[in-house]
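**Q** First residue of the sequence shown? That's 27 in the working numbering, and the numbers climb one at a time after it.
Idealized CB from N, CA, C, for every residue including glycine.
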Amino acid sequence: MKKKEFIIQDLLSKIYQKQFPNGKLPDQRALAETYHVSRYTIQEAIKNLNEIGIIKVVQGSGMYVYENLQNNPLIFNSLTRTPYKRISSKMISINKEKSTPEEEQIFQLGRSEDIWTFQRVRVVDYKIEQIEVSKMPVSLFPNLNQVHIEHSIQEYVQSLGYNISHYITSYSPTAVTKNQAELLLCKKGTPAMKITNRCLLDDGRVYEYSELTAIDYTCTYITPFDKETHKSRQS
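What follows is the structure in structure tokens.
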């Protein structure tokens, strides 16, 4: 594990253990001495924690943990912890096709309804890190176009008056194919993460199904212990 990543995870652990009195972190010099790294490495770690909403930096006062953080589950990955201004999307293709039986099952559609299928790449700090293939029902999004795809699908969905509820996400290891390698500028067979998402509205409808292939992917989960779930699994 890179030193910066270790520091991020160690500080997260200490934050959730409430080891910082009044929620105030030691200054950068003290942290650099504690972890035996340069102040630059500390600054990069603090920058990441600030970007994902864990701590706030108050000029002239110090670094503080956001209130009530310990009570909330936290999930962040190498993309979601990056500010939107450093992420861009480029559409590769978009097609309107008749739904397959599997798509009809996912979106609870009638037989042979129209489905959008689009492919885009996600670019972080000018480097292509993810390839995404997504499907959305035309009945919900008749005017989907390149502008929406290259901006924010979430903003587009909400602009139409839909309320996004939650996501069901699964992860599995994979290897980059020849076509994917050409887009990602890496070797065929490079290890990658396959991330499958079902995106739901508050009325229970699935509005998007996507499969992402990501390289250099990391993900951290911090979740409360559920005593009842633990007990039920033992029965």
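Using 8 Å for Cβ pairs, my map puts Glu234 next to Cys225. What's the rounded Cβ distance?
**A** 4 Å
**Q** Can you tell me whether His177 is helix, strand or coil according to DSSP?
**A** Taken through DSSP and simplified to helix, strand or coil, His177 comes out as coil.
**Q** Pair every Cβ in the stretch 174-181 with every Cβ in the stretch 202-210, then say whether three or more of these pairs are closer than 8 Å.
**A** With fewer than three CB-CB distances shorter than 8 Å, the stretch 174-181 does not count as touching the stretch 202-210.
**Q** Quick check on Lys161: buried or exposed, where buried means 16 or more other Cβ atoms within 10 Å of its Cβ?
**A** Its Cβ being crowded by 16 or more others within 10 Å, Lys161 is buried.
**Q** Under the rule that 16 or more other beta-carbon atoms within 10 Å means buried, what is Phe239, buried or exposed?
**A** Per the sequence shown, the amino acid found at residue 239 is Thr instead of Phe. Looking at its Cβ environment, which holds 16 or more other Cβ atoms inside 10 Å, Thr239 is buried.
**Q** First and last residue of the beta strand (DSSP E) that includes Glu60?
**A** Rather than Glu, the amino acid found at residue 60 in this sequence is Thr. Per DSSP, Thr60 belongs to no beta strand (DSSP E); it is in the alpha helix (DSSP H), Gln54 to Tyr61.
**Q** Taking just the CA atoms, how far does Ser165 sit from Lys29?
**A** Answer to the nearest angstrom: the Cα atoms are 48 Å apart.
**Q** For Asn169, which of Ile34, Ser125, Ala56 and Tyr182 has the nearest alpha-carbon?
**A** Closest in C-alpha terms to Asn169, from the list Ile34, Ser125, Ala56 and Tyr182, comes Tyr182.
**Q** Report the option in Ile241, Ile190 and Tyr197 whose CA atom is closest to the CA atom of Gln206.
**A** Ile241
**Q** Measure the C-alpha to C-alpha separation of His174 and Ile194 and round it to an integer number of angstroms.
**A** 22 Å
**Q** Would Ile34 and Asn74 qualify as a contact pair, given that the criterion is a beta-carbon distance under 7 Å?
**A** yes
**Q** Which residue marks the beginning of the beta strand (DSSP E) containing Asp140, and which one marks its end?
**A** Asp140 to Val150
**Q** Quick one: which unbroken beta strand (DSSP E) runs of 3-plus residues sit fully inside the stretch 171-217? Chain order, please.
**A** 190-201
**Q** The beta strand (DSSP E) spanning Asn169 covers which residue range?
**A** Asn169 -> no beta strand (DSSP E), and no H or E assigned at all.
**Q** Please name the residue, chosen from Glu93, Glu59, Thr216 and Glu31, that lies closest to Ile72 on a Cα-to-Cα basis.
**A** Glu31
**Q** Find the nearest neighbour of Ile120 within the set Leu227, Trp142 and Arg137, judged by alpha-carbon distance.
**A** Trp142
**Q** Using alpha carbons as the reference points, say which of Asn189, Glu158 and Gln145 lies closest to Ile118.
**A** Gln145
**Q** Would Val159 and Glu237 qualify as a contact pair, given that the criterion is a beta-carbon distance under 7 Å?
**A** yes
**Q** I need the boundaries of the alpha helix (DSSP H) containing Lys40, first residue and last residue.
**A** Lys29 to Tyr42
**Q** Rounded to the nearest angstrom, what separates Leu38 and Asp229 at their Cα positions?
**A** 35 Å
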